[in-house]
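Undergrad: Numbering (the numbering used here), first residue to last: 1305 to 1529. We put the beta carbon where it would ideally sit given N, CA and C, even for glycine.
Quick look at the structure:
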């Protein structure tokens, strides 16, 4: 199974103050964020891949992103909301910029999270890290049991959660993913392998990553974003 992971699109416009947005914050996508969703939808459509499912977190930004993609593809399954894809609650850091977090709380824990994904203890993040990691592992396990080996599934989530998918493949790097970018995991016989991480959804590249392993439908045309 190919598991296509996407971070949702932009929730800040140019000139906006960029702050940590977690589970308690629920801003909508900006126009750029919606354009990013259309771009991924176009790339998946042009690749010809037949998705076995589309999943997203419960927050508005991930639901909107998944819905736009499904609409853009046409004939794709409706997005299914899964709580295990919900972003982390960043506790005392929520609503602050990284510069403000360093000024108020110090930079050691922030640097460790950005560098190696080390879970900070002082800001009171939730759910507990073990709960988050187990939720991601359970989600992937359920997909592996219900999807065929040659299927492809899309999951839309947030930056913090994506790091825990990377860990399933045995990678402990920071795993940061830009808005609108995708990652592709290959899940086979209970094991995960990273095929791509944090790439822009260029149609040609997406086709190359998916074509050899998943059923393809006939090629059509679609309008530009």
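Considering only C-alpha positions, which residue in the set 1498, 1348, 1339, 1328 is nearest to residue 1362?
TA: The shortest C-alpha separation from residue 1362 is found at 1328.
Undergrad: Mind reading off the beta-carbon distance from residue 1326 to residue 1392? Whole number of angstroms is fine, and I expect it under 8 Å.
TA: At roughly 5 Å, the Cβ-Cβ gap stays under 8 Å, so residue 1326 and residue 1392 are in contact.
Undergrad: Would you call the CB atoms of residue 1383 and residue 1409 closer than 9 Å?
TA: No, the Cβ-Cβ distance between residue 1383 and residue 1409 is not below 9 Å.
Undergrad: Quick check: residue 1504 and residue 1487, are their CB atoms within less than 9 Å of each other?
TA: No; because the gap between Cβ atoms is not below 9 Å, this pair is not in contact.
Undergrad: Which same chain residues, not among the five before or five after residue 1463, have their C-beta less than 7 Å away from its C-beta?
TA: Contacts found: 1311, 1480, 1481.
Undergrad: Buried or exposed: which applies to residue 1492, given that a residue is buried once 16 or more other Cβ atoms fall within 10 Å of its Cβ?
TA: The residue in question, residue 1492, is exposed, as its Cβ has fewer than 16 Cβ neighbours within 10 Å.
Undergrad: What I want to know is whether the C-beta of residue 1340 ends up closer than 8 Å to one or more non-hydrogen atoms of the ligand ZN.
TA: As presented, the structure is devoid of all ligands, the ligand ZN included, so that no description of it is given.
Undergrad: Using 8 Å for Cβ pairs, my map puts residue 1344 next to residue 1373. What's the rounded Cβ distance?
TA: Confirmed, Cβ separation roughly 6 Å.
Undergrad: Cβ atoms of residue 1357 and residue 1457: under 9 Å apart, would you say?
TA: Against a cut-off of 9 Å, the Cβ pair of residue 1357 and residue 1457 comes out as a contact.
Undergrad: Can you give me the start and stop residues for the beta strand (DSSP E) that residue 1490 sits inside?
TA: It spans 1486 to 1492 - the beta strand (DSSP E) in which residue 1490 sits, taken as one unbroken run.
Undergrad: Can the beta-carbon of residue 1465 be found less than 9 Å from the beta-carbon of residue 1416?
TA: Cβ atoms of residue 1465 and residue 1416: not closer than 9 Å.
Undergrad: Among 1453, 1450, 1332, 1396, which residue has its Cα nearest to the Cα of residue 1429?
TA: Among 1453, 1450, 1332, 1396, the Cα nearest to that of residue 1429 is on 1396.
Undergrad: When burial is assigned at 16 or more other CB atoms within 10 Å of the CB, is residue 1434 buried or exposed?
TA: Under this definition residue 1434 is an exposed residue.
Undergrad: Please confirm whether residue 1321 and residue 1489 have their CB atoms less than 9 Å apart.
TA: No. Outside cutoff.
Undergrad: So the alpha helix (DSSP H) residue 1322 belongs to, where does it begin and stop?
TA: From DSSP, residue 1322 is part of no alpha helix (DSSP H); its letter is neither H nor E.
Undergrad: With a threshold of 8 Å, are at least 3 pairs of Cβ atoms found where one atom belongs to the segment 1417 to 1424 and the other to the segment 1443 to 1455?
TA: Because the criterion of three Cβ pairs below 8 Å is not met, the segment 1417 to 1424 and the segment 1443 to 1455 do not touch.
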